Each structure stands twice: as C-alpha cells, then as structure tokens.
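A quick write-up on the structure given underneath.
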Amino acid sequence: MGFGEKWIRWIHFCISTVKFSVLINGAPEGFFEAQRGIRQGGPVSPFLFILAMEGLNNMIKTAKTNRWITGFEVSTNNERSLEVTHLQYADDTLIFCDADEEQLRSLRVILVLFEVLDALPTYMLTLFPIPAGVVQRLDKLRRGFLWQGNKKRKGYHLVKWKVMITGKKQGGLGIKNLKNQSKALKLKWLWRYAHEPHSMWSKVIKLKYGEMDSWVTKEATNPYGVTVWRSIRNWWPFLRNHTTITVHNGVRTQFWKDRWLGNQNLSEIFPDIFDLALHEDRTVAEMWSPQGRGGLPMVDITQQRKIQSELRLQGHEQGSSNPQLALETNLENQNSTKGGMLHLAASKGGSTNTENLRKRNSILVTHCCLCGEAAETVRHLFLHCKITDQLWKIFINLRGIQWTMPSKIVDTLSSWEEAGIEAKNRSYWRTIPACIWWTIWRERNARSFEDRSRSLQMIKTDCILLLCFWCTKSYPVDAEAILEVLESC
C-alpha cells in the first residue's frame, strides 16, 4: 500500500515483541512470546484493521470503475441517481452486484484475495427483528457455556439468567440481553439518520422513502422491498418519546410538533392555539426572530446560525446506589473475574457450598471445614465463620469504624458501601468484600478437596496480597507498597 520501510519496521516491532503471561490461581506465572499474529485488544490492532478494510474498499471501487461489478441505483427521478456497490460499517461489509455469473466470479476473486469473514449475527440483529425462539436457543447456549464451559457433565446454574443479563450497576453480571441489544441496534440507525444527514446511506434512505420531517423518513408502508427499513422505522415513536431537541439555529426544529420545550410539544400544550395556526409545519427559525415577530418572545438565535438543531436523549437511568458496585469494580478488573463471579453468586445465595449442594441431592459433610463449629451456609461461610471474621477485622480495625456484622450478604454490602464513604479510594474499598470471599473460598476448597490447610496468619497475608494485586494489577514488592494500598482503603 505504499508505506515506507521505517513505518513497516515500527509496526513489525509492535506485533513481534509482545510477551504474554498466564494467570495460575490468580497469579501471573512466567512470560512467553507470541509466534504469529497480533494480540487481541492490542493498541495497534484497530489501525491495522482500518488499513485492511480500506484495501477492500479500493478493490471494490476498482471493480466498479472497470464495470466488473455493478451495484444498484437509487433515484426518485432521472436527473439524480446514486449507484451503491458496497456498504461498510466497523467489521461488517455488504456488497451489491447483479445476478450475473461473470460478476459473481469477479466478486469471488475479490473476496478470496482479501479473505473476508463477515460478522453476520450482529448484522442480522441490526436489521431484522430477532424471533423469540432464536433468543431462547441462544440464551440456552450462553447459560450452558457460562456454568459448564466446554465440559460435557452438567454444571450448576447458581444464579438466575434474568439476573445475569441485568446491568452491573443493578446487581447483575452485565451479559448482553439479546432483545435489548437488537432494539438498541435498530434505534442506533434512527439516531444516526437524525445526526448524519449528509452520509451516503442516509441519502439513500431519504431518496427511497422521502422525509416526514428533519429527523426521520416517512413510514414504510409499501409491502414490497421495505422489510428492513420498516422494522427500523417502526421504532421511531419509541425513540421520539425518549428524546428532546436542543435548538441551535432552529432550521430543523418544527415549532409546533417537535419536543423542544419540556416533555411535550407545543401543539399538545396549547391545542386551542394550534387549531388556529395557519402554518403547522413551520420551523423555530421561521417563527422566531430577533425582533420577536408575531408577538412571540424575542430569542437570539442569530448567533448560532451555523449550528444545526440536534436530538438529545432524555435523562436515562444512571444506576441506583447499589451494594453491587463492588461487583462492577471487580469485573472491570480482568485479574479478579473469578472473584467478581463469586461475589455475584454469594450475594444471590448461589455459591456451591454444602447448603446448596444438599438442595441438589449431593451428599456431603455438612459442617464448615474452616471452623468446624456450624453448618456451612452461604451466610456462615462468608460472614460469620470465625476465620472469615478475622479477615473482616483487618480492614475494620484499620479504618477504626464501629461494625456489627449484618445477617444477610446484601445488607453487608450495603453497610460496607456506607462505611467506606470517606475512604480515599472508594474503588479499593469496594473490592475488599470480594477479596475476602475469594480468599475464603480458595481456602475452603483446598481443605475440602485437596486435604491441605494454611495457618490463619498465612490466610490473612494472602488476602492482603490479593487485594493489592486486584487494586494495582501487580503484586507489591515491599511493605511500603502494601501500606500504600491499605491506607487508600
């Protein structure tokens, strides 16, 4: 593509000097070099992808220029027409050509040379309504993979799927809800149509269906050839009810029918006056002027003539003050994903302790293997066991707070959130419960299944080091680094 040798050496250095480390029981062990390719999520990956897709774009344009393939024409009259051969968005590519054998051969050559793999599932969700049966089958596969992985034996589904697909700030895991994702992808097309009036694809849609106003096309009512845009256009009432318009120059904003003052349009607020209006479709720019023409209040919009009006989302949910904030903090840290999962399961009463295994007819010893003094329940193991209590006291005594352990895990998380309101680093403070539970869970499993145990002092040390690792993404090299983390909690 004409890049210089120096630039090529830079890119080669970026992708050939990367080293990887594998987490074993939560700790990185050794490093090894990649043999080929680039790492997933690497900073150079998006740029290389853009360059590669630009190559495909040029190949198709060349084929169009030489008439090896021909796209379709969009036109409302003989004077204006637009030929479209391909559409590209992110990693999706849609190519158009005639149903001709020679054109298909040419297209096949292009694809073989480029080795394209199309992201079909996401593209289908973007354009077409997802059937309920498909959602159920996909969710079944996702549930199985989450709790079983690739193992053939049946795994325990510890938390309801409805909770798993709830947002992290609402106490869930944040797995994508397919129905909501499909709806969001369609709403995004409407949002882009309103904000990208000069893009090629919006011009195509505008020419084909015509404009209802400045924000959306007319309804797609013709039963022939309108299935895709009809399914998208049908969501416009929903989007309109959840948006308001910010008026700049007022050219795109309808005075009576758009919602630019509060949550209602003026035709709804003043229906009697609207019935007397001679020009119902006039814009704000046409109705208002610096001189206050027509007896309307004077509004200075002349200073913003170059700025178009725009749609804005109304106040949306920001997430309530929820004890699951610690879960959100942990899941965003890749080093503590297992701890975050345990945090979620424990808060919902769904860990695989003896209490829950007995409910599933698994015969196990019922006493707590840490203290041996009570039955092993979720609440006992993570809150009231005397070994667990010692870990809680490390951080309670460090802050010098008065603390009485609640009886439920959800109440504990809520109280912990309130107790850390003055912490220097709230993120570190929210990580502590999951860190304690992950330390206790590993010790419990080591004693139950490997017949090995550690002293209380070693368990405390492991908990503190794990907290430092989760908070800073590296193990502390000296006592000063440990104190720095503890003092920030």
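According to mature numbering (1 follows the signal peptide of the UniProt record, and there is no 0), the sequence shown holds residues -26 to -1, 1 to 463 in order. Just so you know, even glycine gets a beta-carbon here, dropped at the ideal spot from N, CA and C. Since we're looking at a predicted model, the values are computed, not measured.
Contact under 7 Å by Cβ, residue i with residue j
i           : j    : result
T227        : T257 : yes
V221        : W230 : no
L159        : L99  : yes
E417        : I433 : yes
L152        : V109 : yes
I410        : L365 : yes
S(-6)       : W42  : no
I406        : F369 : yes
D77         : C71  : Per the sequence shown, residue 77 should be read as Gln rather than Asp. Yes, these two residues count as a Cβ contact at 7 Å.
residue 530 : A259 : What is shown of the chain runs -26 to 463, which leaves residue 530 out entirely.
Y402        : C442 : no
S205        : P105 : no
Cβ-based neighbour list, residue i, same chain, cut-off 7 Å, excluding 5 preceding and 5 following
i    : result
D232 : I219, N239
S448 : none
G146 : V137, M138, I139, T140
S294 : The pLDDT assigned to S294 is 38, lower than 50, so where the model puts this residue is not dependable, and the model offers no usable value.
F356 : A320, T362, I383, W411, I414
Counted within 10 angstroms of its Cβ, other Cβ atoms place residue i as buried (16 or more) or exposed
i      : result
I375   : exposed
L344   : buried
E392   : exposed
S156   : buried
G(-23) : exposed
I281   : At I281 the pLDDT is 47, less than 50, meaning the model places this residue with poor confidence and gives no usable figure here.
K142   : buried
W(-20) : exposed
A73    : exposed
R111   : exposed
R(-18) : exposed
D217   : Inspection of the sequence shows that residue 217 is occupied by Thr rather than by Asp. Counting Cβ neighbours within 10 Å, T217 comes out buried, since at least 16 surround it.
H(-15) : exposed
Other residues of its chain near residue i: CB distance less than 6 Å, five sequence neighbours each side excluded
i           : result
I69         : H60
E170        : S176
R421        : C343, S427
L213        : L161, L164
residue 543 : Outside the displayed range of the chain (-26 to 463) lies residue 543, so it cannot be described from this structure.
Cβ-based neighbour list, residue i, same chain, cut-off 8 Å, excluding 5 preceding and 5 following
i    : result
I361 : L344, C345, I414, E417, L430, I433
L372 : L460, C463
E3   : S(-6), V(-5), L(-4)
Integer-rounded CB distance, given that residue j should sit under 8 Å from residue i
i    : j    : result
M33  : I84  : 5 Å
R353 : S381 : 7 Å
W209 : Y183 : No, W209 and Y183 are not in contact; Cβ-Cβ is about 15 Å, not under 8 Å.
H341 : E350 : 7 Å
K38  : G45  : 7 Å
Closer than 7 Å to chain C by CB, residue i
i    : result
G107 : The chain labelled as chain C is not found in the depicted structure, where only one protein chain is given.
- Task: Starting from the N-terminal side, write out each stretch of the beta strand (DSSP E) that is 3 residues or longer and does not extend beyond the segment 192 to 255.
- Result: If we require 3 residues or more, the beta strand (DSSP E) runs fully inside the segment 192 to 255 come out as 217 to 220.
- Where in the segment 367 to 403 do unbroken runs of the alpha helix (DSSP H), each at least 4 residues long, occur, reported from the N-terminal end onward? Counting only runs of at least 4 residues, the segment 367 to 403 fully encloses the following alpha helix (DSSP H) elements, listed from N- to C-terminal order: 383 to 393.
- Task: Would you list, in sequence order, the uninterrupted alpha helix (DSSP H) runs of no fewer than 4 residues that lie entirely inside the segment 159 to 196?
- Result: Runs of the alpha helix (DSSP H) inside the segment 159 to 196: 174 to 183.
- Message: I'd like the ranges of any beta strand (DSSP E) spanning at least 3 consecutive residues and lying wholly in the segment 418 to 446.
- Response: Qualifying beta strand (DSSP E) stretches: none in this window.
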